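Protein sequence lines, in the order shown, are assigned to chains E and C.
If you use the working numbering, the first sequence corresponds to residues 974 to 1066, in order.
If you use the working numbering, the second sequence corresponds to residues 256 to 552, in order.
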Amino acid sequence: ERVFIGDQVIRVNVQSEEQIQLLQALENQQEWELDFWLHPVSTELPVDIRVPHSSVSSVTEYLIAHNIHYSVIINNLQELLDEEKAEMEENQM
Amino acid sequence: NEFSTRSFNFGAYHRLETIYSWMDTLVAQYPKLVTKQDIGRSYENRPMYVLKFSTGGNKRPAIWIDTGIHSREWVSQATGVWTANKIATDYGTDASLTSLLNTMDIYMLLLANPDGYAYTHSNDRMWRKTRSKNPGSVCIGVDPNRNWDAGFGGPGASNNPCSESYHGPSAHSEIEVKNVVNLIESHGNFKSFISVHAYSQLLMYPYGYSCGSVPHQPELVRKEKHTVESHLFLSDPASGGSIDWSYNLGIKYSFAFELRDTGRYGFILPANQIIPTATETWLALKHIMEYVRDHPY
């Protein structure tokens, strides 16, 4: 079973068209294995990205280097999944 | 395992087998209203079932609702189960729904991506796509909501099999999509097509991303906006989507919902949010269905 220990979900409140293009470039960056939960579409909408643990430092460096502000909305995805699994087992019983 | 629909816990997430089993109990409990139709098999040979709510007639004007085409959006499937039960239990007591079902049928596909849904329970909770193999690639699956024959391969879709939004080798290449296409086309009298997703609490109309190129765009937006206040309309650049296809087919009232699943939890929405989500969604669904009933074309 795939685990998501240390995977983060980050939110970017996009400020400009240039930032949208920089984030769209990230979408094509296959080696970081990013999972866009909300895609970079417009400056009116946030962008949510699940970042695998192994790519967290690379992605944050990229964002900081381009002066793109972000916040972490899920710090460790696996913790939420463990809670969900426990809840399901409880319901099953 | 579920003795009746009454003992089923609608406020919990369930495995595919449990939902399929519950569908049988619903049919058994409301045999004059609900039937289960087998519409084909998935890539991994799982059956695909549609619940048909009908009070009689032959190919009456119908409303289509599918939930969970993106398998990880669990609140969608859970909302579908709650909604199916709501329709069955409210028929005969809710005057508006009763009048609707006396003239129209409702079809519900609760698990639009059964392979993906099973996979989210066993291997990868974040799986979104189908489970079909892509020749020449190690990556599995196609985004089934980029696979419809409407702007196929256009903006918002990827031609990379490893992408979460891979559109597939050709339109309707995914058997799960094709099964729905076959049913809708062979029926020929669907008046509304509603696809239920989850994340950002929105309601979308066809070809939203081209902003106004849809002839009925003013009606689709204006008529709903005033009453479905908790939902906004969004331009979503995603080609190959199901509601674009259904609109092209002539089904005017085509909408896609994005149920609430955002904020702190993402796709891991706690189960205690299922019933609030389903309840608020029902108001919007019912409003659209009433509009469809009252504005025939």
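Positions of the beta carbon are idealized from the N, C-alpha and C atoms, including for glycine.
Please read these numbers as outputs of a predicted model, since none were measured by experiment.
Residue i at chain C interface by Cβ criterion, 8 Å
i	result
E:Glu1057	yes
E:Leu999	no
E:Ile1047	yes
E:Leu995	no
E:Asn1064	yes
E:Glu990	no
E:Val1024	no
E:Glu973	The structure shown has nothing for residue 973 of chain E, since chain E only spans 974 to 1066.
E:Gln1003	yes
E:Val985	no
E:Val1029	no
E:Glu974	yes
Residue i to residue j span [Cα, whole Å]
i	j	result
C:Ile543	E:Asn1040	44 Å
E:Met1066	C:Ala412	41 Å
E:Leu1054	C:Thr322	22 Å
C:Leu540	C:Thr290	21 Å
C:Asp345	C:Ser262	17 Å
C:Gly396	E:Glu1004	18 Å
C:Asn400	C:Lys433	12 Å
C:Glu196	C:Ser351	Since the first residue of chain C shown is 256 and the last is 552, residue 196 of chain C is not available in this structure.
C:Phe265	C:Ile529	8 Å
C:Val435	E:Val976	33 Å
C:Cys417	C:Ser354	47 Å
C:Ala333	C:Ala267	8 Å
E:Glu1034	C:Thr348	59 Å
Residue j beta carbon less than 8 Å from that of residue i
i	j	result
C:Leu366	C:Gln456	no
C:Asp370	C:Tyr304	no
E:Trp1010	C:Gly521	yes
C:Tyr454	C:Asp398	no
C:Lys507	C:His471	yes
C:Trp382	C:Ser441	no
C:Leu288	C:Ala343	yes
C:Ala426	C:Asn402	yes
E:Val1020	E:Val1045	no
C:Val469	C:Tyr502	yes
C:Glu328	C:Thr385	no
Segment limits, beta strand (DSSP E) that includes residue i
i	result
C:Trp537	Premise fails: C:Trp537 lies in the alpha helix (DSSP H), 529-549, not in any beta strand (DSSP E).
E:Asn986	981-986
C:Leu306	302-308
C:Thr517	Per DSSP, C:Thr517 belongs to no beta strand (DSSP E) and is neither H nor E.
E:Asp1021	1019-1024
E:Met1066	Neither: E:Met1066 is in no beta strand (DSSP E) and is coded neither H nor E.
C:Ile294	289-296
Short CB-CB distance (under 8 Å) between residue i and chain E
i	result
C:Arg380	yes
C:Ile559	Outside the displayed range of chain C (256 to 552) lies residue 559 of chain C, so it cannot be described from this structure.
C:Ser441	no
C:Tyr268	yes
C:Ala526	yes
C:Leu487	With a pLDDT of 47 at C:Leu487, under the threshold of 50, the predicted position of this residue should be treated as unreliable, though the coordinate-derived value follows. No, C:Leu487 lies away from the interface with chain E (no Cβ there is under 8 Å from its Cβ).
C:Asn264	yes
C:Glu554	Only positions 256 to 552 of chain C appear in the structure, and residue 554 of chain C is not among them; the question remains open.
C:Glu419	yes
C:Tyr275	no
For residue i, the first and last residue of its enclosing alpha helix (DSSP H)
i	result
C:Thr322	It is not in any alpha helix (DSSP H) - C:Thr322 instead sits in the beta strand (DSSP E) that spans 317-322.
C:Tyr552	Looking at the DSSP string, C:Tyr552 is not in any alpha helix (DSSP H), and its letter there is neither H nor E.
E:Ser1044	Unbroken run through E:Ser1044 is the beta strand (DSSP E), 1043-1047; no alpha helix (DSSP H).
C:Asp499	497-503
C:Asp279	271-284
**Prompt:** In chain order, which alpha helix (DSSP H) runs of at least 4 residues are fully inside the region 332-399 of chain C?
**Reply:** 350-356, 369-377
**Request:** Could you run through the region 426-459 of chain C and flag, in chain order, every residue whose CB is less than 9 Å away from some CB of chain D?
**Result:** You won't find chain D in this structure, because its protein chains are E and C.
**Request:** Taking only runs that begin and end inside the region 410-464 of chain C, name each unbroken alpha helix (DSSP H) of 4 or more residues, in chain order.
**Result:** 430-442
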